[in-house]
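As structure tokens, the structure follows; a few thoughts come after it.
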Amino acid sequence: TENIKYFALTVDESNVKLNINGTESSASKLSDPSLLLANNVSFFGQTGAAQSNGNIKDFRIYDFALNANEIEYLLP
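Going by the working numbering, the sequence shown opens with residue 294, and the numbers climb by one from there.
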């Protein structure tokens, strides 16, 4: 069987939340949101970064934080 996981990382002014398959699996408060922009942090396509062993079928960036219901609606 195929093992597919859907990840959604939501960041707003004070929180970071990770949803896996539409279920919140982790949440943290940001003590200093400016740290997200410090040092040109890059997660995708970064030299020396770990490679994906699969394909990315759908990748989206929103300019607002999605709630759990909105994320679940997007799942196939």
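All residues carry an ideal CB built from backbone N, CA and C; glycine is no exception. These figures come from a predicted structure and were not determined experimentally.
Worksheet item: Taking all protein chains shown into account, do 16 or more other C-beta atoms lie within 10 angstroms of the C-beta of T294, making it buried, or fewer, making it exposed?
Response: Note that T294 has pLDDT 41, beneath the 50 cutoff, so the model's placement of it is unreliable and the number below is only indicative. Its Cβ having fewer than 16 others within 10 Å, T294 is exposed.
Discussion item. I'd like the ranges of any beta strand (DSSP E) spanning at least 3 consecutive residues and lying wholly in the stretch 295-323.
Written reply: Segments of the beta strand (DSSP E) lying fully in the stretch 295-323: 300-304, 308-313 and 316-322.
Discussion item. Check for me: the alpha helix (DSSP H) holding L367 runs from which residue to which?
Written reply: First-last of the alpha helix (DSSP H) with L367: A361 to L367.
Fill in: Given E366 as reference, the closest of S307, S327, T316 and K322 once Cα atoms are compared
It should be pointed out that residue 366 corresponds to Tyr in this sequence rather than to Glu. Looking at the Cα atoms, T316 is the closest of the given residues.
Discussion item. With a threshold of 7 Å (Cβ to nearest heavy atom), would V309 be considered close to the ligand FMN?
Written reply: As for the ligand FMN, it is missing from this structure, which has no ligand bound.
Item to complete: Apply the 10 Å Cβ neighbour rule to K350 and answer buried if 16 or more other Cβ atoms are within range, or exposed otherwise.
Response: In this structure K350 is exposed. Its beta-carbon is surrounded by fewer than 16 other beta-carbon atoms within 10 angstroms.
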